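Q: My questions all concern the structure below.
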Ligand SMILES: NC(=O)c1ccc[n+]([C@@H]2O[C@H](COP(=O)([O-])OP(=O)(O)OC[C@H]3O[C@@H](n4cnc5c(N)ncnc54)[C@H](O)[C@@H]3O)[C@@H](O)[C@H]2O)c1
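Residue numbers (the working numbering): 83 to 527.
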């Protein structure tokens, strides 16, 4: 079966490469000529474990091709996926659908044979209707149907998630589109991937409701972590005990500096806008967005307070100090910096006159233009040299077994702030550091 993927970013590239690996004939299309030239030269535009090999193997096998030319790329395709970005619209937080609609207009001008058009981008309820309208208004010569098929992969584990999904959601009332989508995902039936067919609108909402729920779970445990600090409890034990209840589950109960990334921040905002416009506000998600937003800078203040406490000086007198920030990406195993908490943390420190020296295994090239006042180091140890505090902001594996004795020798002031609860307090303290975690140490002592 021939599949065209319009948009070759995280989702389009991973989905396209996985479909090709299933044996489909895939063309990935992107309007960014540099991205397509890089892909044709075997260079990955993003960091995602296993992706270079998957793309290389399938391109060499002739099942995966890249082009900027939509007209030739979609020729003969039975399904065309739209996987372009849907960022927050400047000013109001609605999803910016201009990329999706631009693709719909281009498709309307070029489809020649019957085809199912599938929105894989995360789009608000009713977008499928709008895409259908745009194409129908252009009176294309061929039959078409528009289906919704939201993507649930996680960056950093994207290939595994795509090949072994918890579920595949397909929104369509059209029996032909259903048949084509069954064909697209047939290779996954071997793995017994659960497939849910539903209406297009329900499918669109499933994606937003899922992300909003996960964002809520993270924010919930983050606030519980603050309470743990106030009452002298340990959030890791609390989360463990809570998560052992199968109705709740242990995932997404890791306290940290707040959620970020390319999806949760924009998707929670977009859901709020849809809900507000429909006169059906979701107040719990309104609270989640507010709490998460203020948490990121609060983490910067937590670092400053640890430093001030240790030095016995007021928090506003930290000008001229230096912090080593370990981890910049919003989570490990990606170079994605979109809405990463590290951006607000670094800014809070800079605003207090504190210099920031950062290190990240994969994210520094993307981070550099986003934080021009932050100096990038060549290793965690270089970042720690002469620092007044070492802060773990992302739980990369590379930070799980740092040589603490070496770091202790390098720093000026022995303060270790672990915003991901990677270390045990005993371990870090045994190396002569003052240790601050999230929700594991009482702030009343
Ligand atoms: N990144 C994730 O983890 C993730 C997970 C699930 C869902 N999603 C959703 O998937 C969608 C895509 O996200 P992403 O992270 O892959 O975005 P991205 O920004 O990495 O990629 C989008 C790509 O689309 C291309 N593009 C834009 N307009 C185009 C056009 N007219 N023709 C051809 N190409 C065009 C851009 O050049 C870019 O390469 C979004 O709606 C996002 O919310 C993302």
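The beta carbon of each residue, even a glycine, is placed where N, CA and C say it ideally should be. Values in this document were obtained by computation on a predicted structure and should not be read as measured data.
Apart from the five residues on each side of it in sequence, which residues of its chain come closer than 7 Å, Cβ to Cβ, to residue 351?
A: The residue you call residue 351 lines up with position 269 of the chain shown. Closer than 7 Å at the Cβ level, and outside the excluded window around residue 351, lie 170, 175 and 371.
Q: Is residue 282 near residue 255, with beta carbons less than 9 Å apart?
A: In the chain shown, the residue the question calls residue 282 occupies position 200. In the chain shown, the residue the question calls residue 255 occupies position 173. Contact: yes.
Q: When the Cβ atoms of the region 363 to 382 are set against those of the region 457 to 467, are three or more pairs found closer than 8 Å?
A: no
Q: Which two residues bound the contiguous alpha helix (DSSP H) that contains residue 245?
A: On the chain shown, position 163 is the one that residue 245 refers to. Note, residue 245: alpha helix (DSSP H), 240 to 245.
Q: Quick check on the burial criterion: 16 or more other C-beta atoms within 10 angstroms. Buried or exposed for residue 476?
A: As a working note, residue 476 is residue 394 in the chain shown. Buried.
Q: Looking at the structure shown, is residue 134 part of a helix, part of a strand, or coil, going by DSSP?
A: Taking the first residue of the chain shown as 1, we reach residue 134 at position 52. Three-state result, residue 134: helix.
Q: Which of the three DSSP states is assigned to residue 150 in this structure?
A: In the chain shown, counting from the first residue as 1, residue 150 sits at position 68. Correct three-state label for residue 150: coil.
Q: So residue 253 and residue 229 are in contact, right, with Cβ under 8 Å, and what is the actual spacing, rounded?
A: As a position in the chain shown, residue 253 is number 171, starting the count at 1. As a position in the chain shown, residue 229 is number 147, starting the count at 1. Between residue 253 and residue 229 the beta-carbon gap is near 6 Å, inside 8 Å, which marks them as a contact.
Q: From what residue to what residue does the alpha helix (DSSP H) around residue 449 run?
A: Within the chain shown, the letter at position 367 stands for residue 449. First-last of the alpha helix (DSSP H) with residue 449: 446 to 449.
Q: Looking at residue 266: is its Cβ nearer than 9 Å to the Cβ of residue 83?
A: As a working mapping, residue 266 is identified with position 184 in the chain shown. As a working mapping, residue 83 is identified with position 1 in the chain shown. Contact flag set, yes.
Q: Counting C-beta neighbours from all protein chains within 10 Å, is the total for residue 491 16 or more, i.e. buried, or is it exposed?
A: Position 409 of the chain shown holds residue 491. Exposed: under 16 other Cβ atoms inside 10 Å.
Q: Run the CB neighbour count on residue 271, radius 10 Å, all protein chains shown included, and call it buried at 16 or more, exposed below.
A: One-based indexing of the chain shown puts residue 271 at position 189. Exposed.
Q: Could you give the distance in angstroms between the alpha-carbon of residue 91 and the alpha-carbon of residue 152?
A: Reading the chain shown from its first residue, position 9 is the one you call residue 91. Reading the chain shown from its first residue, position 70 is the one you call residue 152. When rounded, the distance between both Cα atoms is 16 Å.
Q: Is it buried or exposed for residue 453, if we count other Cβ within 10 angstroms and need 16 for buried?
A: Along the chain shown, one-based indexing puts residue 453 at 371. When all chains shown are included, residue 453 counts as buried.
Q: Would you call the region 327 to 338 and the region 298 to 310 touching, i.e. three or more CB-CB distances under 8 Å?
A: yes
Q: Roughly how many whole angstroms lie between the Cα atoms of residue 159 and residue 239?
A: For the purposes of this step, residue 159 is identified with residue 77 of the chain shown, where counting begins at 1. For the purposes of this step, residue 239 is identified with residue 157 of the chain shown, where counting begins at 1. Approximately 28 Å between the Cα atoms of the pair.
Q: Could you pull the start and end residues of the beta strand (DSSP E) that residue 343 belongs to?
A: Numbered from 1 along the chain shown, position 261 holds the residue referred to as residue 343. Here residue 343 belongs to no beta strand (DSSP E), and DSSP marks it neither H nor E.
Q: Do residue 437 and residue 404 have their C-beta atoms closer together than 9 Å?
A: Residue mapping note: residue 437 aligns to position 355 of the chain shown, counting from 1. Residue mapping note: residue 404 aligns to position 322 of the chain shown, counting from 1. Yes, Cβ-Cβ distance for residue 437 and residue 404 is below 9 Å.
Q: Any idea which residues DSSP pairs residue 107 with across the strands?
A: Translated into the one-based positions of the chain shown, residue 107 becomes position 25. Per DSSP, the beta bridge partners of residue 107 are 84.
Q: For residue 167 and residue 251, I'd like the C-alpha separation in whole angstroms.
A: Sequence index remark: in the chain shown, residue 167 carries index 85 (1-based). Sequence index remark: in the chain shown, residue 251 carries index 169 (1-based). If I take the Cα positions, the gap works out to 19 Å.
Q: Hey, would you say the C-beta of residue 114 is under 8 Å away from at least one heavy atom of ligand 1?
A: Taking the first residue of the chain shown as 1, we reach residue 114 at position 32. Yes.
Q: Would the beta-carbon of residue 100 be found less than 8 Å away from any heavy atom of ligand 1?
A: Within the chain shown, residue 100 is the residue found at index 18, counting from 1. Checking the Cβ of residue 100 against ligand 1 gives no.
Q: Verify the contact flag: residue 203, CB atom, against every heavy atom of ligand 1, threshold strictly below 8 Å.
A: Start at 1 with the first residue of the chain shown, and residue 203 comes out as number 121. Flag set: Cβ of residue 203 near ligand 1.
Q: If the criterion is Cβ atoms closer than 9 Å, does the pair residue 380 and residue 367 meet it?
A: For this step, residue 380 is matched to residue 298 along the chain shown. For this step, residue 367 is matched to residue 285 along the chain shown. Not a contact, by the Cβ cut-off of 9 Å.
Q: Using a Cβ-Cβ cut-off of 8 Å (strictly less than) and excluding sequence neighbours within five positions of residue 363, which residues of its own chain qualify?
A: On the chain shown, position 281 is the one that residue 363 refers to. Here the set comprises 354 and 357.
Q: Any chance the CB of residue 517 is under 8 Å from a heavy atom of ligand 1?
A: As a first step, residue 517 must be located in the chain shown, where it is residue number 435. No; taking the cut-off as 8 Å, the Cβ of residue 517 has no heavy atom of ligand 1 nearer than that.
Q: Does the distance from the C-beta atom of residue 276 to that of residue 249 stay below 9 Å?
A: Within the chain shown, the letter at position 194 stands for residue 276. Within the chain shown, the letter at position 167 stands for residue 249. Yes, Cβ-Cβ distance for residue 276 and residue 249 is below 9 Å.
Q: Within 10 angstroms of the Cβ of residue 210, are there 16 or more other Cβ atoms? Answer buried if so, exposed if not.
A: Numbered from 1 along the chain shown, position 128 holds the residue referred to as residue 210. It is buried - the Cβ of residue 210 has at least 16 other Cβ atoms within 10 Å.
Q: In the structure shown, what three-state DSSP assignment does residue 381 receive?
A: If you number the chain shown from 1, residue 381 lands on position 299. Reduced to three states, the DSSP call for residue 381 is helix.
Q: Please go through the region 238 to 313 and give each complete alpha helix (DSSP H) segment of 4 or more residues, from N-terminal end onward.
A: 240 to 245, 257 to 271 and 282 to 313
Q: Taking the straight line between their C-alpha atoms, what separation do you get for residue 524 and residue 317?
A: Taking the chain shown and counting its residues from 1, one reaches residue 524 at position 442. Taking the chain shown and counting its residues from 1, one reaches residue 317 at position 235. Each residue's Cα considered, the two are about 11 Å apart.
Q: Determine the closest residue to residue 290 out of 346, 139 and 331, with distance taken between C-alpha atoms.
A: In the chain shown, residue 290 corresponds to position 208, counting from 1. If we check each option's Cα against that of residue 290, 346 comes out closest.
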